[in-house]
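There are 2 protein chains.
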Amino acid sequence: MGKRATIQDIAQKSGYSKTAVSFAFNAPEKISAEARDRILCIARELGYSPDPMARNFSKGRHMAIGFLLPQNPDKALGNPYTQAVIAAIAEVCQENGYVLSIIPPFRSSIPEAVKNAPVDGLITMGLYVDRNIRDALRGRCLPVVSIDGLEEDGFPSVGIDDEAAGYLQMNKVLGHGHRDIAVVSLPKTAYGKSKSDVTRRREAGYERALAEAGMSLSSILMVESSASYSGGKEAADRILSDHKPSCIVTMADIAALGVISSLSSRGISIPEDVSVVGFDGIEHTAGPVLSTIVQSASEKGRLSASMLFSAIGDDSLVTERKHIGFAFQEGATLRRIYGY
Amino acid sequence: MGKRATIQDIAQKSGYSKTAVSFAFNAPEKISAEARDRILCIARELGYSPDPMARNFSKGRHMAIGFLLPQNPDKALGNPYTQAVIAAIAEVCQENGYVLSIIPPFRSSIPEAVKNAPVDGLITMGLYVDRNIRDALRGRCLPVVSIDGLEEDGFPSVGIDDEAAGYLQMNKVLGHGHRDIAVVSLPKTAYGKSKSDVTRRREAGYERALAEAGMSLSSILMVESSASYSGGKEAADRILSDHKPSCIVTMADIAALGVISSLSSRGISIPEDVSVVGFDGIEHTAGPVLSTIVQSASEKGRLSASMLFSAIGDDSLVTERKHIGFAFQEGATLRRIYGY
DNA sequence: CTGTTAGCGCGTTCAC
DNA sequence: GTGAACGCGCTAACAG
């Protein structure tokens, strides 16, 4: 690795000043065509182009936004839904000439990661914002947009109406005649404190739907699992060690796939023996189409990134929570019980 | 967004020098405990922590490595295999206190993206390195590791022996008795010039396997498709408009899933009517286990990232090509024809 | 209108 | 424990 030429080198070899060189690259109209050609020509010879670090430093920008992982990369990125959101954010970055940085916890610390992240703005997803994270965020004076966050957190945020979606999901299950239901919910927050807000809101929806059928949340088996394939498998194992329900409702498609794998490996057919319902609407998976709640990953990603870029641009501080739509997808994994 | 406190502010309020403040954060042992406490205390009050941009600038590092997308994010990140590689790279980044930047082409230009990328090193995957890209890379004086690249490109690289893998794949297909075979290969390089090197090498393997069975490449139908679900679907459509082969061999699992979806929607059963063989070994997909060539995404990702970090560290310039293993996975999508 | 001089941003680090 | 130089490109103010 040789060392890069600097603006100085070009200035000297070309006989012009640093300013002229800078203009040649950034404001060609401010110098003569002759000067510009000469400078650019010499720059090409020496393989010079302005150092992004120095340029960004002097302009006070990083030209990068960050996606803050709430967990280690293998967990966080193991969910196809998260990956789809990231892909959508990356598209918006491209349109803005930005780069998308995946920011893992720094030595297990999210606040440290926030303090050090070389970015102009952050998107969080499913992050529980505790005091330390909030302080780190404030310290950075960065625009932040949260996905699936709380309005109370004070950030502009994007998400769905999880209570209504939970209601719809459970309502469909009940409408198909299922009464012996098990739920695979999402994990507690990273710090092990409490249920995530998404979980809480969806449960409220479940409760409402169940109440309409004369049932209550306490009457169904609930197990917690990470939003992952293996998490779903283990959750299914735990459920089956209790008894075999008629329907297993999950809060993440990727967990639903794990559940299906566990059931299949026991010779249980879906949906004949046990129905499985997912949440998210992931794509590209072979096999039976999941019966699930679809919330568009690309809409979530694009919208959150757009909001972030507009905050980066005009320095305005919206604190809006935007809801995107959701819908139930009739798939092949939810059986209609005779008579319903 | 208020403005951040600077090291100056802390120096003044605390009555110490900038140097002392810097030491308080980076080399506590170089100043007295008293000074350190006082400084850190004031820093906390003012919500100060060193600005990552300024710190990185003065240390000449970005604390970020980049994953260079050869295509737009939606295409490049639409492949679960690529995502798995990225996840593995992100893990290694975490271990090194780095961030992973996803770098899309900048206004459709990969060289521009390379020139501007705020990173200390780059990983490419499936990138055809033309002269412009090579020049941009040289101009940056950055360490680069390529995945699935050519040894001739001069970068340290990670990949499999694609010729041998192609041979193994085709050999298994032939060994199961298939003779009416169609191949779904990878797209030409972005600039539309020529077949990618991976394609070329695998085809060489096919040719060798076919020759052993008294056949030749020209005797089988080959269609090109992007390594995507929709690409696989379309490829299957094109193949079926010609005739219905006994086995469809693909060069990417995600394309194989698309092929399967196309076949299923026509009522063609797999593998009874048509066999499908993939390549990559993606995970977490429900439905039939693919018969495929498995090459570990996490090994590719981890190894390439480790190589990159060691290059960033010691400034040494290996130009080695490292091969990782691969294997045929007996799945449920390749039928054994009676008599074989 | 073309081009230059000089200072800036902010944390790090050498020499005292 | 400090003062001052440093990294590198940008840009306001100004001169020819």
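Chain order of the listed sequences is A and B.
Here the working numbering is used: position 49 in the first sequence is 98, and no number is missing along the way.
Here the working numbering is used: position 56 in the second sequence is 105, and no number is missing along the way.
Glycine included, each C-beta is placed from N, C-alpha and C at the ideal position.
Source: prediction; values computed, not measured.
Run of the beta strand (DSSP E) containing residue i, from where it starts to where it stops
i        : result
A:Arg370 : 370-372
B:Val343 : 340-343
A:Gln378 : 376-378
B:Ser206 : 206-208
Distance between beta carbons of residue j and residue i, contact taken as under 8 Å
i        : j        : result
B:Val70  : B:Ala60  : 5 Å
A:Ile373 : A:Ser345 : 6 Å
B:Leu206 : B:Arg370 : Per the sequence shown, the amino acid found at residue 206 of chain B is Ser instead of Leu. B:Ser206 to B:Arg370, Cβ: 5 Å. Contact.
A:Ser406 : A:Ile91  : The requested residue 406 of chain A does not occur in the structure, where chain A is confined to residues 50 to 389.
B:Pro236 : B:Ser275 : 5 Å
B:Pro153 : B:Leu118 : 5 Å
B:Pro294 : A:Pro167 : The Cβ separation is near 51 Å, so there is no contact.
A:Ile303 : A:Ser277 : 6 Å
Per DSSP, cross-strand counterpart(s) of residue i
i        : result
A:Val233 : A:Val272, A:Thr299
A:Leu149 : A:Ile114, B:Ile151
B:Met174 : B:Ile196
B:Phe19  : The requested residue 19 of chain B does not occur in the structure, where chain B is confined to residues 50 to 389.
Distance between residue j and residue i (C-alpha atoms, nearest Å)
i        : j        : result
B:Gly316 : B:Gly327 : 20 Å
A:His292 : A:Ala301 : 22 Å
B:Leu339 : A:Leu306 : 15 Å
A:Ala253 : A:Glu321 : 29 Å
A:Ala73  : A:Gly362 : 26 Å
A:Ala136 : A:Phe375 : 19 Å
B:Leu95  : B:Ile342 : 57 Å
A:Ile196 : A:Ser355 : 12 Å
B:Arg257 : B:Ala213 : 9 Å
B:Thr271 : B:Val232 : A quick correction: the sequence has Met, not Thr, at residue 271 of chain B. Whole-angstrom Cα-Cα distance: 5 Å.
B:Ala76  : A:Ile269 : 56 Å
A:Val247 : A:Lys52  : 50 Å
B:Arg250 : A:His227 : 54 Å
A:Ala260 : B:Asn128 : 42 Å
B:Gly170 : A:Thr382 : 46 Å
B:Gly115 : A:Glu332 : 26 Å
B:Val367 : A:Asn181 : 42 Å
B:Lys108 : A:Val222 : 58 Å
B:Ser150 : B:Ala113 : 7 Å
B:Asp229 : B:Leu266 : 12 Å
N-terminal and C-terminal residue of the alpha helix (DSSP H) that residue i is part of
i        : result
B:Gly188 : 180-189
B:Asn165 : 159-165
B:Glu94  : 82-95
A:Ser71  : 67-75
A:Tyr389 : Unbroken run through A:Tyr389: none, as it is neither H nor E.
B:Val323 : Note, B:Val323: premise wrong, no alpha helix (DSSP H); not H, not E.
A:Met102 : 101-108
A:Asn220 : 211-224
B:Gln61  : 56-63
A:Pro294 : Run containing A:Pro294: none; DSSP gives neither H nor E here.
A:Leu259 : 246-261
A:Pro122 : 122-125
7 Å Cβ cut-off: residues of chain B touching residue i
i        : result
A:Ile309 : Ala335
A:Gly127 : Ala136
A:Ile303 : His333
A:Arg315 : Neighbours of A:Arg315 on chain B: none; closest Cβ ~15 Å, over 7 Å.
A:Gly380 : The contacting residues do not exist; A:Gly380 stays about 11 Å from chain B at best.
A:Arg250 : The contacting residues do not exist; A:Arg250 stays about 26 Å from chain B at best.
Chain-ordered neighbours of residue i on chain B, where CB pairs are closer than 8 Å
i        : result
A:Met102 : Asn105, Phe106, Gly109, His111, Pro167
A:Leu306 : His333, Thr334, Ala335
A:Gly96  : Asp184, Arg187, Gly188
A:Gln57  : Going along chain B, no residue has its Cβ under 8 Å from A:Gln57, so there is no contact; the nearest lies around 16 Å.
Contact list for residue i against chain A, beta-carbon separation under 8 Å
i        : result
B:Glu140 : Asn121, Pro122, Asp123, Pro153
B:Lys52  : Cys190
B:Ser353 : In chain order: nothing, as chain A lies at least about 15 Å away.
B:Lys164 : Ser98, Pro101
B:Gln218 : Going along chain A, no residue has its Cβ under 8 Å from B:Gln218, so there is no contact; the nearest lies around 19 Å.
Neighbouring residues, chain A, relative to residue i (Cβ below 7 Å)
i        : result
B:Val367 : Those within 7 Å of B:Val367 in chain A number zero; the least Cβ separation is about 12 Å.
Under 9 Å from the C-beta of residue i: neighbouring residues of chain A
i        : result
B:Tyr278 : Glu332, His333
Listed by chain order, chain B residues near residue i by CB distance under 9 Å
i        : result
A:Arg156 : Gln143, Gly146
A:Leu223 : Correct list: empty, because the minimum Cβ distance to chain B is about 24 Å.
A:Ser275 : Neighbours of A:Ser275 on chain B: none; closest Cβ ~13 Å, over 9 Å.
Near the ligand MN: residue i beta-carbon under 7 Å from a heavy atom
i       : result
B:Ile88 : The ligand MN is not part of the structure shown, which contains no ligands of any sort.
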